[in-house]
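**Student:** Here the protein sequences come in this chain order: A and B. All letters in the first sequence, in the order written, are residues 1 to 640 by this note's numbering. All letters in the second sequence, in the order written, are residues 1001 to 1218 by this note's numbering. We treat Cβ as the ideally placed atom computed from N, Cα and C, and that holds for glycine. Predicted, not measured: the structure shown is a model, and the values here were computed from it.
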Amino acid sequence: MALAGVTVSIEAVHENQIQEVTLDGQEICVPPLSMSECLAKSAQKIDFAEEDGEEKGKTTSEEETEAQEKESSAFQPSLWPWDSVRNKLKAAYTETGVLLDVLNIAKEKKYMVLAHVQQDTNEPKSALQILAKKKAFGLQSISSGLSTAASVLMGGADRLKKSQQEIGNRQQTEFHFELHNLRQNWRLKKVGNSIIGDLSYRSAGSRFWQGGTFEVTKNTMLPSEQVEGTNTHSALEVVIPSELEGSSYVQVEVKHVSESTGLMHATLKLPNSFGKYPADAHWQTKLEVAQNVLFCKELFSQLAREATQLKSSVPHVVVGNQIFTNIFPSVQLSIILCHATGKGDEKSQPRPPKVEHNHVLEHSLHQLLREVHHKTLHLDPPHPVTATFGMTKRRRLAGPSGMSRADLKEMSESETLLEQIIKQARHEVLRVRTMTTIDRLASTIPDPQIMAHWSCLNSSLQSNVKIIITSNGYDGLRLTWQSLDLEIGTDSIKVVTKDRRILMLSFLEKELEDLIRWQVSQHHISLSQNLARLMGWQILSYNGCSGVGEMEDFATASSIQLVAPNNDRMLSIRSGITSGLHVYLKIDSKDSLDPSLTALVDPKWLNLSGTFKEIDMEQIDGRNFAAKLEFIMAMVKQKR
Amino acid sequence: MGVVCVYAFPVPEGKSGQQVVDSLQKQVELLGAVKTGNFSVDCETYQANTQAGTLTTTPQRLIHVLHNSEQPASCFSVLDTGTTLIADVLFDVLIHKLTSGKAGKEAFYQQRKGSKMESKGPRYELSDFIIKIGSVSMASNFKGILVEVEYSPCSVPTECWNLMRELMQSFMGNVAETPPTLVKNKMDNFYLPGDTINQYLEHFTNFRKQTVMGQPIR
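Laid out in structure tokens, this is it:
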């Protein structure tokens, strides 16, 4: 208790910052922060700019300007004459800034989020259940009935609630937005309460009788009720007329038919996956498919009409949705309209997957019809504006340029779609035939190499190929080349040989084969001729069509006689198309001459005697005939 | 456009024009030519109206309007200076306007009466050759015979003259010894549709002159 006199003073720890210490030692504290001030302070600590870099620029610049304003106001005297105006402007500016901030906060969700306060949604349910329970206490049956009724009501209520929510989320304007999109690509008009669209090619120049109107309706189905697996949902739906439903295409086939099978025999084959597209596809795909159906129908009806009108030696056959024409003997072109409605497909049997469909011809068919459309829409403008409409420039100038009757007739002629497609098909068949023939010959004939250079520039009715026949290892020598140009037309091939002779071949591949074989046999002879010239041998005679020896199956054999530089050896070469290549050598010897005459006779007379002996070319070294012949010539030339 | 030679085929005395035409046709058919329809070349002459008030010392200006069935879309008009205009058939409408006076005014041109000349007849084709045998008539009076031969693949007369002569001499004899003067003047140039018309016009004027000269004798 000794320390009883000591007073211990207890005072609270300074929670607040000391603002100032007066001279008499008294401390003046900062008043404690109120709740709102505390919030503001902590809010200041949060760096909003860090969260969003984009907004940083805006806000900081604003702050900066404000700070600058403050500074300037601090330094400038208030006696400035424009001070009041400046102040007002500044106030207005501040208000605008505030307005912008408010707008930013209201528009952009990141500043302020309005969260739903959890409400008790179970209230009606619980009330009903309580009611049901009460009743159940007395009557079991009524309770069950009521509970089912309650569940129905509950379901309805749930759905209403959901739809209410969804409508809230999804803007009402979605339908109009999609309608706007639709209108950008398709022609629409409003008739009464409904919106009618047109998907036909009328506006593009088509004159097909069948119209393609579709109706635009609002999609009432909710996204939540959609079939699983589809993620696209649109507020708009299109109703396509039943005859344009499904999908279709025009199948073009070039078939080789034997003479016995009739023209009528053909089966329609459809690929399995064809014709099905999801029922709830996007309206754009739906409309595009329907438009394609319409286009194919128009194309086919046009072709069918032409096929029945067109006169030809072998009539075109139109059966149902098929058109058959004979383009060459035993080659048939069939054009088939395939239209799958997509309904009965599940029932149909799986068909053979291989379909000989000619995509190129189908494409050109489409192109041709589009050209027709384009022509009906794009007429040449009349030249003096008062002149008759629809005259082409060429026709207009026909009078002043004095065009003859034949030219005018040619100008007025126009080909139908079918004629054009038949021509294209013919050309294609002919081209493929030529190609296979050349390839086959190139692979079967080993000795002279046959090369085909196809021109990369060709039209749908003409293509060119240059065939070069050369010997391996001697390609560099231009002399040993044999070349011919083929111009493949629609039903004949024009051949220009090296010496600019023009031959016309028909569509039969045999003719081309014969020609190339003949050229090959000619190549041997011209090769030996040129080789002899290079080696210093003399050409004694050349016969393009020698009449002696074996008969060839077609064309004629050719032969050449060569003499060695010192006149004592002779080579005779005969090249036939079917008989092949034969080389004969004659070596005259003094033995064959009467020994009594040797002293009297000049050695040159020795050349008259002797017999030719055939050389077995198989035994000679060398890769090909050219190398072998060169070898023989070099060997034989040596002096005895 | 090929090269065309037009010759006046003389009608020997004691023979009617029709007889000569028939014999020519027979000869052409014997050569193997195939008849491919008919042809006609017609010519109408218009003269400029001299204004009533002005004294004109210059001779009257003439314009010949010709049509050729070989160029059905064209209308040819030749001035007496030799200027040739080839126009569309609508040129006829213009001429019609120029010849019809309106509202008391006199027309610019007027048609010469009885001056319409025409060469009409069958047209034959013999591979590249087109042969036309026309009998010329003026106001439905027979005037003479004009034979036209065209070789269509070539348009420079020098290149094909010998070939043409050979064919023409085979059925016309000495008539086709030399090329027509108009063709002779431009042997190395391109032959144009207007040249055919000028050849016809030359023959038509010759026939007309014959008539004028022949009239006093009758």
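(1) Mark P1180(B) as exposed unless 16 or more other C-beta atoms lie within 10 angstroms of its C-beta, in which case mark it buried.
(2) What did DSSP end up calling T1099(B) once you bin it into helix, strand or coil?
(3) Skipping 5 residues on each side, what residues in its chain have a beta carbon closer than 6 Å to that of I573(A)?
(4) Between K354(A) and chain B, is the shortest Cβ-Cβ distance under 9 Å, so that the two count as touching?
(5) Where Q619(A) and M535(A) are concerned, what is the direct C-alpha to C-alpha distance, given to the nearest angstrom?
(6) Between V239(A) and V257(A), is the Cβ-Cβ spacing less than 9 Å?
(7) Leaving out the 5 sequence neighbours to the left and right, which residues in its chain are closer than 6 Å to N624(A) when beta-carbon positions are compared?
(8) Taking just the CA atoms, how far does R395(A) sit from M411(A)?
(9) Check whether the Cβ atoms of W283(A) and L236(A) sit closer than 9 Å, and answer yes or no.
(10) Do Y1007(B) and L1146(B) have their C-beta atoms closer together than 9 Å?
(11) What distance in whole Å lies between the Cβ atoms of L1024(B) and F1009(B), which are believed to be in contact at a cut-off of 8 Å?
(12) Go ahead and label E1070(B) buried or exposed: buried means 16 or more other beta carbons lie within 10 angstroms of its beta carbon, across all protein chains shown.
(13) Can you pull out the residues from the stretch 370-385 of chain A whose beta carbon lies closer than 8 Å to at least one beta carbon of chain B?
(14) Taking Cβ-Cβ distances below 7 Å as the criterion, which residues of the stretch 1083-1097 of chain B are in contact with chain A?
(15) In chain order, what residues of the stretch 1062-1078 of chain B put their CB closer than 9 Å to some CB of chain A?
(16) In this structure, does DSSP put S143(A) in helix, strand or coil?
(17) How many Å lie between H180(A) and N219(A) at the Cα?
(18) Can a CB atom of chain B be found closer than 9 Å to the CB of G476(A)?
(19) Would you list, in chain order, the members of the stretch 1183-1195 of chain B that have their beta-carbon closer than 9 Å to a beta-carbon of chain C?
(20) If distances are taken between C-alpha atoms only, which option among A564(A), G580(A), P329(A) comes closest to D553(A)?
(21) Strictly under 9 Å for the Cβ-Cβ distance: is K269(A) near chain B by that measure?
(22) Note down, in chain order, all residues in the stretch 403-432 of chain A with a beta-carbon under 7 Å from any beta-carbon belonging to chain B.
(23) Measure from the alpha carbon of A1087(B) to the alpha carbon of each residue in H1096(B), T1081(B), S1077(B), then state which is nearest.
(24) At a Cβ cut of 7 Å, what residues of the stretch 1001-1015 of chain B count as close to chain A, listed as they run along the chain?
(25) CA-CA distance, G1014(B) and F1190(B)?
(26) Across which residues does DSSP place G197(A) in a beta bridge pair?
(27) Could you tell me the distance, in whole angstroms, from the CA atom of V152(A) to the CA atom of F295(A)?
(28) For the candidate residues R517(A), D24(A), L486(A), D514(A), whose alpha-carbon lies nearest to that of I502(A)?
(29) Give every residue of the same chain whose Cβ lies closer than 7 Å to the Cβ of M1172(B), excluding the five residues on either side of it in the sequence, and list them in chain order.
(30) What are the boundary residues of the beta strand (DSSP E) that includes N1174(B)?
(31) When DSSP labels each residue in this structure, what does E415(A) get in the three-state scheme?
(32) Quick one: grab the DSSP three-state call for V372(A).
(33) Nearest CA to the CA of P565(A): which residue from V548(A), D198(A), V636(A), T611(A)?
(34) In this structure, how does DSSP classify I560(A) when only helix, strand and coil are distinguished?
(35) Using CA atoms only, rank isn't needed, just tell me which of D1188(B), R1112(B), A1033(B) is closest to Y1046(B).
(36) Check whether chain A comes within 9 Å of S1152(B), counting only Cβ atoms and requiring the distance to be less than that.
**Tutor:** Looking at the coordinates:
(1) Of the other Cβ atoms in all chains shown, 16 or more fall within 10 Å of the Cβ of P1180(B); this residue is therefore buried.
(2) Look at T1099(B) here: in three-state DSSP terms it is helix.
(3) Hits under 6 Å: S528, I560, V583.
(4) Low confidence applies to K354(A): its pLDDT is 48, below 50, so where it sits in the model is not reliable, and the reading given next is rough at best. For K354(A), the nearest beta carbon of chain B is not closer than 9 Å to its own beta carbon.
(5) One C-alpha to the other measures close to 22 Å.
(6) Judged by their CB atoms, V239(A) and V257(A) are not nearer to each other than the 9 Å cut-off.
(7) Closer than 6 Å at Cβ, skipping near neighbours: D447, S471, N472.
(8) So the alpha carbons of these two residues sit roughly 8 Å apart.
(9) For W283(A) and L236(A), yes; Cβs fall inside 9 Å.
(10) Against a cut-off of 9 Å, the Cβ pair of L1146(B) and Y1007(B) comes out as a contact.
(11) Confirmed, about 7 Å.
(12) Under this definition E1070(B) is a buried residue.
(13) Near chain B, meaning a CB-to-CB distance below 8 Å, no residue of the stretch 370-385 of chain A qualifies.
(14) Under the 7 Å Cβ criterion, the stretch 1083-1097 of chain B contributes I1086, A1087, D1088, V1089.
(15) Residues of the stretch 1062-1078 of chain B that bring their beta carbon within less than 9 Å of a beta carbon in chain A comprise N1068, S1069, E1070, Q1071, P1072, A1073, S1074, C1075, F1076, in sequence order.
(16) Secondary structure of S143(A) (DSSP, three-state): helix.
(17) Roughly 15 Å between the two C-alpha positions.
(18) No, G476(A) lies away from the interface with chain B (no Cβ there is under 9 Å from its Cβ).
(19) No chain C appears in the structure shown, which is made up of the protein chains A and B.
(20) Closest by alpha carbon: G580(A).
(21) The predicted model places K269(A) with a pLDDT of 48, which falls under 50 and marks its position as unreliable; any figure quoted below should be read in that light. By this cut-off, K269(A) is not an interface position.
(22) Of all residues in the stretch 403-432 of chain A, only M403, S404, R405, L408 place a beta-carbon less than 7 Å from a beta-carbon of chain B.
(23) With distances taken between Cα atoms, A1087(B) lies closest to S1077(B).
(24) Residues of the stretch 1001-1015 of chain B with a C-beta less than 7 Å from any C-beta of chain A: M1001, listed in chain order.
(25) Distance between the alpha carbons of G1014(B) and F1190(B) is about 41 Å.
(26) Answer is L188(A), F214(A), bridged to G197(A).
(27) Cα to Cα, V152(A) sits roughly 50 Å from F295(A).
(28) When each option's Cα is compared against that of I502(A), the closest is L486(A).
(29) Y1007, F1009, V1147, listed in sequence order.
(30) Here N1174(B) belongs to no beta strand (DSSP E), and DSSP marks it neither H nor E.
(31) In the structure shown, E415(A) sits in coil (DSSP, three-state: anything other than H, G, I, E or B).
(32) Three-state result, V372(A): helix.
(33) Considering only alpha carbons, the answer is V636(A).
(34) Judged by DSSP in its simplified three-state form, I560(A) adopts strand.
(35) Answer by Cα proximity: R1112(B).
(36) Interface residue, yes.
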